[in-house]
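Protein chains in written order, with UniProt numbering: chain X, 1 to 276; chain A, 1 to 276. We put the CB at the ideal spot given by N, CA and C, even for glycine. Data block below; observations after.
There are 2 protein chains.
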Amino acid sequence: MSATSTFDQAIALARTERAAVHHAELDASWGFGPRIHGGLLMALAGHALSLDLREESGHADPISLSAYFLSAAQSGKAVVSTQVLRRGRSHTSAMASLAQDGQERMRILATFGNLDDQPSAAPVQVFTAPPRMPSPEKCVGTEAAPPELLKEAPLLERLDLRLDPQCVGWALGAPSGQSWMQGWLRFPDDREPDPLMLLLAVDCLPPVSLDLGVSGWAPTLELTAHIRARPAPGWLRLKHSTVLVGGGYMEEDAEIWDSEGRLVAQSRQLARVGRA
Amino acid sequence: MSATSTFDQAIALARTERAAVHHAELDASWGFGPRIHGGLLMALAGHALSLDLREESGHADPISLSAYFLSAAQSGKAVVSTQVLRRGRSHTSAMASLAQDGQERMRILATFGNLDDQPSAAPVQVFTAPPRMPSPEKCVGTEAAPPELLKEAPLLERLDLRLDPQCVGWALGAPSGQSWMQGWLRFPDDREPDPLMLLLAVDCLPPVSLDLGVSGWAPTLELTAHIRARPAPGWLRLKHSTVLVGGGYMEEDAEIWDSEGRLVAQSRQLARVGRA
């Protein structure tokens, strides 16, 4: 992990005089719509939890992390605090909070453990498959995005995100009506994936509601990520899907696959859609 | 809602001298394996949140609720406390904790709102379908369960749960290898479904790992439920599925459909499986 990658800069933390309280700086270049991207906030809080729980119990890897988004984060200073709820042999459960100027932006519950400490004899049964799509070179990069979108979502320049050409109808004014979206992701500076990147990656694709013809951002109320394995170096494959858009809400499920074809993360979020 | 139904008795709360702190009594008859059933704990904490947030802001319905299970709840006294994190126009976000003798059993983050206050103009798009299965009369009730299971899981007598005959191979020593399970659910005393019952219902089917040949209980680390609509009276249809059992963990997704064929709740949990 390069200490100078833009992602590692974005999730950098400075210790304070108080244990389990960290200072961070949210950079405007990680903005998405009117706020700092929620995935970046999860990675930042995940980083604070990883540092504190490694010291506490050696449990440095997120296994499950649930984030509730309370108010829109802006660029500028932020404070991340953590609190252990329960220490166990295999897991430590904890809470984290991200605040700016005393306003809480995000509250997190999480269980941390050690991804290398999984019973090798445990069964593996997989009932899904990696997304099938053209190679990254044949997919649609963010350089093809409309300039007004890039202006609203500078985050897109922090990511090398390539959408399956089947999933870009919405951007051309012709939503496909598909309930799923997929693409490739890596960092432009080749910073390799790790569990903290996965916390960002679960929320990097455009909302599937766009390709269903429901316009507008889809602000996340809640997102829970499960990290299932440490990802191999290389491109990640992302797939999002929904089974129900209704009543002003959408559930959106994500799968993240690594370059060795393993399902390394899953997430589900509830977002607001189709409201004024 | 009948005040004397066994479910309403089980989630009854007594006010204490402190605001937002409630007393409850966990009855052994809601036991499942070595602990009080997690779904009942979620319904109980959801009840406390509903009472407190109704007073606070009129937001009495769970929209999203994430529960982290910290230690096994036993029968006996419990204390449920709640704390508002953010009041908004449409939603109130809050935290809840359930403890026994000073030991925390479960911590919850949740967003509450009003299920009747959804924009009628909002689009509804559904990409899944209710479970197809024989009528409740032709499904397999818990009276068919082995007596040793009923002894270990008295909860089953609190529920009128009827499994699709396709999903009972595990109980006969011949797991089907299917990655899903489905059935019907109502309360034996005809107490009708509401959002609090849905918080119980998302964790009422046997773990799908059993029908995959992975024996043993599947203790939940984390479960997030999204309540999508107020359920109609009558039977609920439940479907659980997994896409990945591996590394000692299983993700399990639930859909709950009401008697009018609407998807009223979704959940995802991470459980431990196949460990000693």
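| Asked | Found |
| --- | --- |
| Proximity of Ser267 (chain X) and Ala225 (chain X) at Cβ, strictly below 9 Å | yes |
| Any C-beta of chain X under 9 Å from that of Val79 (chain A) | no |
| Spatially closest choice to Leu200 (chain A) from A:Arg15, A:Leu26 and A:Leu44, by CA coordinates | A:Leu44 |
| 4 or more residues per run - each alpha helix (DSSP H) lying fully within the stretch 120-178 of chain X | 147-152 |
| Burial state of Met1 (chain X) (16 or more Cβ within 10 Å) | Low local confidence applies: a pLDDT of 48 at Met1 (chain X) is under 50, so the model's placement there is unreliable, and no value is given. |
| Cβ pair Thr220 (chain X), Phe7 (chain X) closer than 9 Å | no |
| For Ser71 (chain X) and Ser97 (chain X), the rounded distance between their alpha carbons | 12 Å |
| C-beta neighbour in chain X for Gly248 (chain A), strict 9 Å | yes |
| Start and end residues, alpha helix (DSSP H) containing Cys118 (chain A) | Correcting the residue type first, residue 118 (chain A) is Gln in the shown sequence and not Cys. Here Gln118 (chain A) belongs to no alpha helix (DSSP H), and DSSP marks it neither H nor E. |
| Other residues of its chain near Trp217 (chain A): CB distance less than 6 Å, five sequence neighbours each side excluded | Gly33 |
| Against chain X: residues of the stretch 47-70 of chain A by CB proximity under 8 Å | Ile63, Ser64, Ser66, Tyr68 and Leu70 |
| Contacts around Pro207 (chain A), its chain only, beta-carbon distance under 6 Å, and the 5 residues preceding and following it disregarded | Ala218 |
| 6 Å CB neighbourhood of Arg186 (chain X) in its chain, flanking five on each side removed | Asp160 and Trp235 |
| Per-residue DSSP class, three states only, for Gly183 (chain A) | strand |
| Supposed close pair Thr128 (chain X), Val243 (chain A) - CB separation, criterion 8 Å | 4 Å |
| Residue of X:Leu210, X:Ser241 and X:Val168 minimising C-alpha distance to Pro131 (chain X) | X:Ser241 |
| Which residues DSSP lists as bridging Ile11 (chain A), in chain order | Answer is none; Ile11 (chain A) lacks a bridge partner. |
| Within chain D, the residues that Phe187 (chain X) reaches when beta carbons sit closer than 7 Å | Among the protein chains in the structure shown, which are X and A, there is no chain D. |
| Distance between Leu212 (chain X) and Leu149 (chain X) (C-alpha atoms, nearest Å) | 18 Å |
| Interface flag, His240 (chain A) vs chain X, CB-CB below 9 Å | no |
| Amino acids of chain A, ordered along the chain, whose beta-carbon sits closer than 9 Å to that of Thr128 (chain X) | Val243 and Leu244 |
| Residues, ordered as in the chain, of the stretch 159-182 of chain X that lie near chain A by beta-carbon distance below 7 Å | Ser179 |
| Spatial distance of Met106 (chain A) from Gln74 (chain A) (CA atoms) | 12 Å |
| Whole-angstrom distance between Gly247 (chain X) and Gln118 (chain A), CA atom to CA atom | 5 Å |
| CB of His59 (chain X) within 9 Å of CB of Asn114 (chain X), strictly | yes |
| Opening and closing residue of the beta strand (DSSP E) in which Leu85 (chain A) lies | Gly76 to Arg87 |
| Element boundaries [beta strand (DSSP E), containing Glu17 (chain X)] | That residue, Glu17 (chain X), is in no beta strand (DSSP E); it is neither H nor E in DSSP. |
| Cβ of Ser93 (chain A) within 9 Å of any chain X Cβ | yes |
| Spatial neighbours of Ala14 (chain A) in its chain, beta-carbon cut-off 7 Å, leaving aside the 5 residues before and after | His22 and His23 |
| Given Pro136 (chain A) as reference, the closest of A:Thr16, A:Met197, A:Ser176 and A:Pro188 once Cα atoms are compared | A:Pro188 |
| C-beta neighbour in chain A for Asp253 (chain X), strict 9 Å | yes |
| Ala78 (chain A) beta carbon less than 9 Å from that of Glu157 (chain A) | no |
| Short CB-CB distance (under 9 Å) between Ile74 (chain X) and chain A | The question names Ile, yet the displayed sequence has Gln at residue 74 (chain X). Closer than 9 Å: no. |
| Proximity below 9 Å, CB of Leu155 (chain A) to CB of Ser29 (chain A) | yes |
| Any C-beta of chain A under 9 Å from that of Gln266 (chain X) | yes |
| Contact list for the stretch 210-241 of chain A against chain X, Cβ threshold 7 Å | Leu212, Val214, Leu221, Glu222, Thr224, His226, Arg228 and Ala229 |
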